[in-house]
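Shown next, in structure tokens, is the structure this report addresses.
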Amino acid sequence: NAGVMQNPRHLVRRRGQEARLRCSPMKGHSHVYWYRQLPEEGLKFMVYLQKENIIDESGMPKERFSAEFPKEGPSILRIQQVVRGDSAAYFCASSSGQGAEQYFGPGTRLTVT
Amino acid sequence: GENVEQHPSTLSVQEGDSAVIKCTYSDSASNYFPWYKQELGKGPQLIIDIRSNVGEKKDQRIAVTLNKTAKHFSLHITETQPEDSAVYFCAASLVDDKIIFGKGTRLHILP
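So the protein sequences, as listed, match chains W and P.
Using the working numbering, the letters of the first sequence correspond one by one to residues 56 to 168.
Using the working numbering, the letters of the second sequence correspond one by one to residues 51 to 161.
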């Protein structure tokens, strides 16, 4: 049973480019969460999605960041016009429902040059 | 909103000794408290969790305690081994599932 999958594992973008991060939840999970981790810090919640719905985006920056979880396919975290401050590890987690355990993927390490 | 404080930020213990990591939370509505272990270059791994209707939970060498009145919870690792070296995060969650993490404890197991 495959765990949470994220790709790419490493992503390098120049300032001003777009970054697309993908997350495939565990089999049977329909809830996806995105977190960001800066070096030497804990994880910060960004957004919580269910299929075709954004449930809570209170941790998302107001501009340049968006997330989706379509009916088919992986969840996508999109960062437009990246800046150096966007460099971080982005983790996706999935769960089977509200109140259930969240399991994390290996993360995507974004470097903005 | 919820705030989780974790200490110490770094902990070194001799192999075979016990390690204790302590956390506090601010929102009395939080009802789920997971602990994650993160190794270098990897995602956080859930190692144990406790819900607010339980005061203590144990799984082999790992135990977690929760004091709802004081809003404290702790992770205890006994008979530490080299493979326990990692960063450990405590966290708290409200019913809407947004997990709030502490800043982490880097645990070093000394030979």
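A virtual CB, placed ideally from N, CA and C, is assigned to each residue, including glycine.
Straight-line Cα distance separating residue j from residue i
i: Q105/W; j: A57/W; result: 20 Å
i: Q56/P; j: F139/P; result: 8 Å
i: P94/P; j: M101/W; result: 16 Å
i: A155/W; j: L144/P; result: 12 Å
i: M81/W; j: M60/W; result: 8 Å
i: Q157/W; j: Y88/W; result: 8 Å
i: K87/P; j: D141/W; result: 24 Å
i: L160/P; j: S121/W; result: 44 Å
i: S102/P; j: S80/P; result: 8 Å
i: R64/W; j: R77/W; result: 10 Å
i: Q135/W; j: E52/P; result: 29 Å
i: F124/W; j: A142/P; result: 25 Å
i: H86/W; j: D111/W; result: 11 Å
i: A69/P; j: T128/P; result: 7 Å
i: D67/P; j: E73/W; result: 48 Å
i: E65/P; j: D134/P; result: 9 Å
i: R111/P; j: V54/P; result: 24 Å
Whole-Å CB distance - residue i paired with residue j, under 8 Å assumed
i: F83/P; j: F123/P; result: 5 Å
i: H158/P; j: S62/P; result: 4 Å
Buried versus exposed call for residue i [16 or more other C-beta atoms within 10 Å across all chains shown]
i: R91/W; result: buried
i: V137/P; result: buried
i: S150/W; result: buried
i: L90/P; result: exposed
i: V104/P; result: exposed
i: G97/W; result: buried
i: G128/W; result: exposed
i: K117/W; result: exposed
i: S78/P; result: exposed
i: G160/W; result: buried
i: S130/W; result: buried
Residue i and residue j closer than 9 Å at C-beta
i: T74/P; j: K108/P; result: no
i: G83/W; j: V137/W; result: no
i: G154/P; j: S59/P; result: yes
i: K92/P; j: G162/W; result: yes
i: R75/W; j: R164/W; result: no
i: A113/P; j: I97/P; result: no
i: L66/W; j: T166/W; result: yes
Chain-ordered chain C contacts of residue i [CB-CB under 7 Å]
i: F151/P; result: In summary, chain C is missing from the structure at hand, where the protein chains are W and P.
Quiz prompt | Complete beta strand (DSSP E) runs within the region 64-151 of chain P (minimum length 3 residues, chain order) | solution = 69-75, 82-88, 95-101, 106-109, 112-117, 122-127, 136-143 and 149-151
Practice problem: Give, in chain order, every unbroken run of the alpha helix (DSSP H) that is at least 4 residues long and sits entirely within the region 121-164 of chain W. | Solution: none
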